[in-house]
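Residue numbers (the working numbering): 40 to 162.
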């Protein structure tokens, strides 16, 4: 029973890790730029423009995309350790390493999400 529970936990960790990777590339940050302009009659108007960004877009624009690639490498390491944990019999060191790397991957995702959310652009 204990082995079956550990197997299910590792499967859930793999699914969560695989779900996190696309979240780095989905554009869910939205910025609105309100800019003055003129129409074809020469009257002053205000233009509203919407820009959509992903975590990758924001980090790449700021020149810190290496943080994102490091996070993805940690996710790959977490998936690898989870697969090893399912194939290798009882190994306490592997179990601890798998849990720690998974925790680091999740915490790093939320930290990078927070950092990307605080990057503001002036238009």
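The C-beta atom is built at its ideal place from N, Cα and C for all residues, glycine as well. Just so you know, these numbers come straight off a predicted model, no measurement behind them.
Own chain, CB closer than 7 Å to residue 151, minus 5 neighbours either side, in chain order: 94, 106, 107, 110
The ligand FMN heavy atom lying under 6 Å from the CB of residue 115: Among the components of this structure there are no ligands whatsoever, and the ligand FMN is therefore not found.
Limits of the unbroken alpha helix (DSSP H) element including residue 48: 41-62
Beta-bridge partners of residue 73, as assigned by DSSP: 87
Beta-carbon gap between residue 103 and residue 56 smaller than 7 Å: no
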